[in-house]
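Per our numbering: the sequence shown = residues -7 to 412. Below you'll find the structure, written out as structure tokens, and then a few comments.
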Amino acid sequence: MKAKNLVLGLAVAVAAAAALLANSGLLHSALPGGIEDPEPLQRILPTFNFVFYTGVASWMLGATRKVFEPAKFLLRIIRSSNAAVSFPELESRIESITRADGSQLTLKIDAPNKQQMKSQKPSPAILFLHGGGYVLNSPAEYSYLTGNLSSSLGVPVFSPDYRKSPVWTHPAALEDALATLRHLRSNAEAYGIDPERLLLGGDSAGGHLSIGVTLRLLQAGEAVPSALLLIYPATQLVTFCLPSHLENRFDVFLSESTACAFRLAYLVGDTADVPVWKASNHSSPAIRSELAKKFGLPQLASQCPKDIGGAGLDWAISRYEFAYRDWLLSPLFAPDELLAKFPPSLTQTCQFDVLRDEGRMFHERLVRAGAAGGSRSHRHRRYASVHGMYGFLRAGHAPAVAAMDEAKTFVASVLGLDKN
């Protein structure tokens, strides 16, 4: 039986690789009409979804028993496109930060060499928190992204390898991110950076952590970062019935099941309640109506098909109520008085992404709260791509390239690099 399952697993892997290779050219396709003309992605997504769910089927047959194996499989494919990254003009190194308990936190640094550094001293800097659902990835998988930013902008980029779930649960990753920012500020002179021109950003889980760090700084009475770069961030744990959730719940890059598994791993270090959490839609209609009215988010109050299927699951809703009552876990529901103190931000979302609507809703809350000048200082752009599009940046995926260009322009503007 084991041999049969192994053969099946290998067959799935070969078929997946062949399908992905056959369709890889579509990742380079431009989308002339933007979101209104997403045909190339609509052609490629069924192939990715077929590969993903064939992998799920093999898992159910016993080929593997790891909850995150399908996601890890795709991650290895994306990693291959970012492997062996080298920027000759950069000096990359690894350092360690000592946590309060004496353990070590690894910090990757990509910095321009002296010939490439901007003329101004000390230099602005970027603190980037990688994504991966709090479970996957490390700064190494983001070498092309962070190296690209550092090389193009001429500033150092710092990336901590924060603690991962399910071994570590909330707030371990958040504490590591906050400790890194404080370390950079305390040692700014040694790093040759300006602590008052430090931009914080990240994608997906990293975007969520970036928002959480900003809230923690505000609660502690400390200065917030100069700006925030939020790339398809997670912002709430109240519902999975927003339009973007329903439209993309079976998507291969971040399906509803995978998103639930990631979040439960981060919250409690266990994914056993994924079926229950999905069936109960995380929360009751009454709770969502309350939050919708309080924060002016009518989308939350819309009727959800799962409200019927979740009957009798009040115990599950109560068990995880802390996840949407805690601003650090569901920053979409942070009070206006805190959001009003947020720095300028750029939020990037993707059309084919379960997190699309909550990223946009968080941007709208920042604007309404009057944070840093409202709509003049807070930008939002939606791209005709999928969750994790930056993983295909090196392959020349058109929306990812456009998003990176926009991010660089934003960073240069808020850090004053465009004035040199």
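Built from N, CA and C at the ideal position, the CB exists for glycine as well.
DSSP places Ala315 inside the alpha helix (DSSP H), whose first and last residues are 314 to 317. In the structure shown, Arg373 falls within a strand segment according to DSSP collapsed to helix, strand and coil. The alpha carbon of Leu209 has as its nearest neighbour, out of Leu320, Asp397, Cys342, the alpha carbon of Leu320. Within the same chain, Leu97, Leu99, His175 come within 6 Å of Ile89 by CB-CB distance, once the 5 residues on both sides are set aside. Relative to the Cα of Ser202, the nearest Cα in the group Leu409, Asp397, Phe334, Ala361 belongs to Phe334.
The three-state secondary structure of Phe79, taken from DSSP, is coil. In the displayed model, Ala326 falls within coil according to three-state DSSP, outside both helix and strand.
Taking C-alpha positions only, Ala278 is separated from Cys233 by approximately 14 Å. Separation of Asp345 and Ser377 (C-alpha to C-alpha, rounded to the nearest whole angstrom) is 8 Å. Beta-bridge partners of Phe344 (DSSP): Val378. In the three-state reduction of the DSSP assignment, Asp153 falls in the coil class. Separation of Gly383 and Gly194 (C-alpha to C-alpha, rounded to the nearest whole angstrom) is 13 Å. Going by DSSP, Asp243 is part of no alpha helix (DSSP H) at all; its letter is neither H nor E. Around the beta carbon of Ala361, 16 or more other beta carbons lie within 10 angstroms, which makes this residue buried.
By the Cβ neighbour-count rule, Phe402 is buried, with 16 or more other Cβ atoms within 10 Å of its own.
Non-local beta-carbon contacts of Ser157 in its own chain, meaning distances under 7 Å to residues more than five positions away in sequence, involve Tyr126, Val127, Ala257, Tyr258, Gly261 in chain order. By the C-beta criterion, the stretch 341 to 356 is judged to be in contact with the stretch 240 to 247, since at least 3 inter-stretch pairs fall below 8 Å. In this structure, DSSP gives Asp262 a state outside helix and strand, which the three-state scheme calls coil. Residue range 96 to 104 is occupied by the beta strand (DSSP E) that includes Gln96. Of the candidates Ile86, Arg280, Thr206, Pro336, Arg280 places its Cα closest to the Cα of Ser294. In the three-state reduction of the DSSP assignment, Gly123 falls in the coil class, being assigned neither a helical nor a strand state.
Gly123 places its beta carbon less than 9 Å from that of Gly199.
Less than 9 Å separates the beta-carbon of His372 from that of Gly351. A straight-line Cα-Cα distance of about 15 Å links Leu283 and Ile309. For Val406, the closest of Cys296, Asp397, Pro336 by C-alpha to C-alpha distance is Pro336. Note that the C-beta distance between Tyr154 and Leu121 is below 9 Å. With a cutoff of 9 Å on beta-carbon distance, Leu289 and Arg255 are scored as not near each other. The residue among Tyr375, Ser84, His355, Gly184 with its C-alpha nearest the C-alpha of Ser369 is His355. The beta carbon of Lys113 sits closer than 8 Å to the beta carbons of Gly184 from its chain, once the five residues preceding and following it are set aside; these are given in chain order. Note that the C-beta distance between Ala103 and Ser84 is below 9 Å.
Nearest C-alpha to Gly380 among Ala226, Pro152, Ala180, Ser151: Ala226. If you ignore the 5 residues before and after Gly94, its C-beta comes within less than 8 Å of no other C-beta in its own chain.
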